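Quick note, the sequences are listed as chains A and B, same order.
Residues 21 to 198 in this note's numbering are what the first sequence spells out, letter by letter.
Residues 21 to 198 in this note's numbering are what the second sequence spells out, letter by letter.
The beta-carbon is built from N, C-alpha and C at its ideal position, and this holds for glycine as well.
Keep in mind the model is a prediction, meaning the values are calculated, not measured.
2 protein chains.
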Amino acid sequence: MPESQYEKSRALFIRRWGEMAASWGISRTMAEIHALLFLSSKPLCADDLMEVLQISRGNASMNVRQLIAWGLVHRVHHRGDRREYFLAESDVWQMFEIISRERRRREIEPIVETIGKCREMLAEGNHASAEQVEAGGVFDERLTDMQEFFTVANSLFNAFVRTGRSKMGKLLKLLVKV
Amino acid sequence: MPESQYEKSRALFIRRWGEMAASWGISRTMAEIHALLFLSSKPLCADDLMEVLQISRGNASMNVRQLIAWGLVHRVHHRGDRREYFLAESDVWQMFEIISRERRRREIEPIVETIGKCREMLAEGNHASAEQVEAGGVFDERLTDMQEFFTVANSLFNAFVRTGRSKMGKLLKLLVKV
DNA sequence: TAATCGTTTCAGTAACTTCTGAAAGGATCA
DNA sequence: TGATCCTTTCAGAAGTTACTGAAACGATTA
């Protein structure tokens, strides 16, 4: 069975997308399924995923479920066919918005919340020694800087998402002036 | 030994920073060492890290080395003391610039390169069937969209880094207008 | 109602990542 | 030069995460 250029190219993309995802704490298989669906021109069923990616039914089922929970993949039914088919969100901007929101929820929000809590704890005083009072000062300063950073980065990200593809040219032109 | 508020607060931050890092594919211990050094008002040595974080000497050594390779931590020598001390980059903006650059290198650049390669492979034609020609069209369309997205996101990120803390207020005001 | 077809769940296993501790290495001191 | 003190390396152990495959479940059909 000679592989076409189409299949080779698709396999390359899927492999790389999976590797990338792994470096962001998303399981490789989940990303591979997403890539396969994203590149596909029509919905695929569990058996398609199993065959192309060489994975078990259970694995396919679990990971598809996660993709659906993220909102990156939707279920599709075909009349007269019992099987479920899956279709990926095809708008790239929408897709990255979903991915970014999810990552922000998991990676940024908890640390921002913790910074607040840590500063409260520090403010409650009760330092054991003069040395710790000084160390506490540096500590609080660093936390404050970080809080400011996240606030700004967050605003910028929101602006990016709100702006979207259509007005992006305008945004970039403005940036040059700053 | 009663723990001070300072120590409790510090422990909380370190734990959370470690958890976060784990969800970005950075080892928990590496992040914990970084947090400890970042919060500290003075350089610490290997034994300090081992004691506070309850880790082995080997573990401390390996992870400190990585932090130095990233540029997040620097070695410090004290006259008349054989031990090496470590000091973290203390400017938050600088710190996130380093982290972002490293993550971009590992997470974004490889996929951008792969998109280019995949499009070349597709263009070489050699489709096995009429069906594949159509699927290839959708495939190429998706890749093109993704390429555009990364180009724009990259420009925006560069602007963010170039702008830095000082002019950020100005940047945010501009964004509201878009 | 039972048979068929497909999906989901989950315990056990496999694969991978991180950590330890001991040995080797290297610098400084006497 | 040898002794001391600290760092680095790395093989194996421990811990973690992902995957399989079989059993349970659920829906549709006859």
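Counted within 10 angstroms of its Cβ, other Cβ atoms place residue i as buried (16 or more) or exposed
i	result
A/Ala80	buried
B/Thr171	exposed
A/Ser29	buried
B/Arg162	buried
B/Val153	exposed
A/Ser76	exposed
B/His97	exposed
A/Lys115	As written in the sequence, residue 115 of chain A is Met, which differs from the Lys given in the question. It is buried - the Cβ of A/Met115 has at least 16 other Cβ atoms within 10 Å.
A/Val181	exposed
A/Glu109	buried
A/Gly156	buried
A/Ser60	buried
A/Met82	exposed
B/Ala89	exposed
A/Val196	exposed
B/Thr183	buried
B/Thr17	Here chain B covers residues 21 to 198 and nothing more, so residue 17 of chain B does not appear.
B/Arg36	buried
Neighbourhood of residue i by C-beta, 7 Å cutoff - its chain only, sequence neighbours within 5 removed
i	result
A/Glu168	none
B/Leu87	Met50, Ile53, His54 and Val93
A/Leu57	Leu64, Val93, Phe106, Leu107 and Ala108
Beta-ladder partner(s) of residue i, from DSSP
i	result
A/Val158	For A/Val158, which the question treats as bridged, DSSP gives no partner whatsoever.
Run of the beta strand (DSSP E) containing residue i, from where it starts to where it stops
i	result
A/His97	Val93 to His97
N- and C-terminal bounds of the alpha helix (DSSP H) containing residue i
i	result
A/Trp37	Gln25 to Ala42
A/Lys197	Met188 to Lys197
B/Ile53	Arg48 to Leu59
Neighbourhood of residue i by C-beta distance below 8 Å, restricted to the same chain and skipping five residues each side
i	result
A/Tyr177	A small fix is needed here, since residue 177 of chain A is Phe in this sequence, not Tyr. Answer for A/Phe177: Ser120 and Arg124, listed in chain order.
A/Met40	Ala51
A/Glu122	Trp90
A/Val14	For chain A, the structure presents residues 21 to 198; residue 14 of chain A sits outside this window and is missing.
B/Trp44	Arg123
Neighbourhood of residue i by C-beta, 6 Å cutoff - its chain only, sequence neighbours within 5 removed
i	result
A/Arg185	Trp113
A/Glu52	Ile34, Gly38 and Leu73
A/His94	Leu107
B/Val158	none
B/Arg48	Gly38 and Ala42
A/Met141	none
- Within the stretch 64-135 of chain B, note down every full alpha helix (DSSP H) run reaching 4 residues or more, in order along the chain. 66-73, 77-90 and 112-123, all fully within the stretch 64-135 of chain B.
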